[in-house]
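S.K.: Before anything else, here's the structure in question.
Numbering (my numbering), first residue to last: -4 to 199.
Structure below.
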């Protein structure tokens, strides 16, 4: 189960955010290339699911995210992720819910790449309010392969690793207050998959 808080910000406020004392420490940086799949009749979208292949460094990962609940930027949903071979889409060895795995395997022959996200992730793990929280700053773009359609991607994700979920909102409030002033960090319920599908819809 994944619990995270998604926040958007303006590029002009990025230097202020990165000057925050909690983000000055040694974080990690990684380039992430992602491809999202669905069928021609959007069977996954109708089920409020997302299937993604990700290249993280030299490792390929397959991810399945199911329908969840999202309000005020805070989302909770089931997620499975594991090593993969590009194009294999081996849901039967990834998803430990037999009915869902069987359903995905039945859809597999009809899945095709719809859109991509390409971004750099800066990552910190912060202890706050009795919780361990991964803070991820993503900067890049969402685009449709083979077209000129794209849009910028800039968001901050706070993912709960352990502890009470109230700590996510508490940390967001702390991160808004930087030495250079207040940074508007606006909660967003739109996932990267949802934004990518909206971009894909503009191409139809």
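Glycine included, C-beta positions come from ideal geometry on N, C-alpha and C.
Here the structure is a predicted model, which is why all the values come from computation and not from measurement.
1) Roughly how far, in whole angstroms, is the beta-carbon of residue 108 from the beta-carbon of residue 32, given that I think they are within contact range, below 8 Å?
2) Find out if the Cβ-Cβ distance for the pair residue -4, residue 97 is shorter than 9 Å.
3) When the Cβ atoms of the segment 152 to 171 are set against those of the segment 56 to 66, are three or more pairs found closer than 8 Å?
4) Taking the straight line between their C-alpha atoms, what separation do you get for residue 70 and residue 28?
5) With burial defined as no fewer than 16 other Cβ atoms inside 10 Å of the residue's Cβ, what is the status of residue 198: buried or exposed?
6) Across the segment 164 to 177 and the segment 15 to 29, are there enough close Cβ pairs to call them in contact, namely three or more that are closer than 8 Å?
7) If you scan the segment 12 to 77 from start to end, which runs of the beta strand (DSSP E) of 3 or more residues do you find wholly inside it?
8) Spatial neighbours of residue 53 within its chain, please: CB distance less than 6 Å, with the 5 preceding and 5 following residues excluded, ordered by chain position.
9) Can you name the residues that DSSP bridges to residue 179?
10) For residue 163, which residues of its own chain have a beta-carbon under 7 Å away from its beta-carbon, when the five flanking residues on both sides are left out?
11) In terms of DSSP beta bridges, what is residue 157 paired with?
12) Residue 87 by DSSP, collapsed to three states: which one?
13) In whole angstroms, what is the alpha-carbon distance linking residue 195 and residue 110?
14) Going along the chain, which residues of its own chain have a beta-carbon closer than 6 Å to the beta-carbon of residue 50, five neighbours each way excluded?
15) Just verifying my parser: in three-state terms, what is the DSSP assignment at residue 196?
16) List the endpoints of the continuous alpha helix (DSSP H) containing residue 95.
17) With DSSP run on the structure shown, which of helix, strand or coil describes residue 143?
18) Measure the beta-carbon distance from residue 118 to residue 23 and round it to whole angstroms, keeping in mind my assumption that it falls under 8 Å.
19) Check whether the Cβ atoms of residue 124 and residue 151 sit closer than 9 Å, and answer yes or no.
20) Verify whether the separation of the beta carbon atoms of residue 85 and residue 57 is less than 9 Å.
21) Could you work out which residue in 90, 99 and 147 is closest to residue 34 when comparing CA atoms only?
M.R.: Answer, in terms of the structure:
1) With 8 Å as the limit, residue 108 and residue 32 qualify as a contact, their Cβ atoms being about 6 Å apart.
2) No, Cβ-Cβ distance for residue -4 and residue 97 is not below 9 Å.
3) Under the three-pair Cβ rule at 8 Å, the segment 152 to 171 does not count as touching the segment 56 to 66.
4) Taking the straight line joining both Cα atoms gives about 23 Å.
5) exposed
6) yes
7) 23 to 33, 45 to 51, 54 to 60, 64 to 66 and 69 to 72
8) none
9) In the DSSP output, where bridge partners are listed per residue, residue 179 has none listed.
10) 0, 69, 128, 153 and 155
11) 127
12) helix
13) Straight-line Cα distance between these residues: approximately 7 Å.
14) 28
15) helix
16) 93 to 102
17) coil
18) Confirmed, Cβ separation roughly 5 Å.
19) The answer is no: Cβ separation not under 9 Å.
20) yes
21) 99
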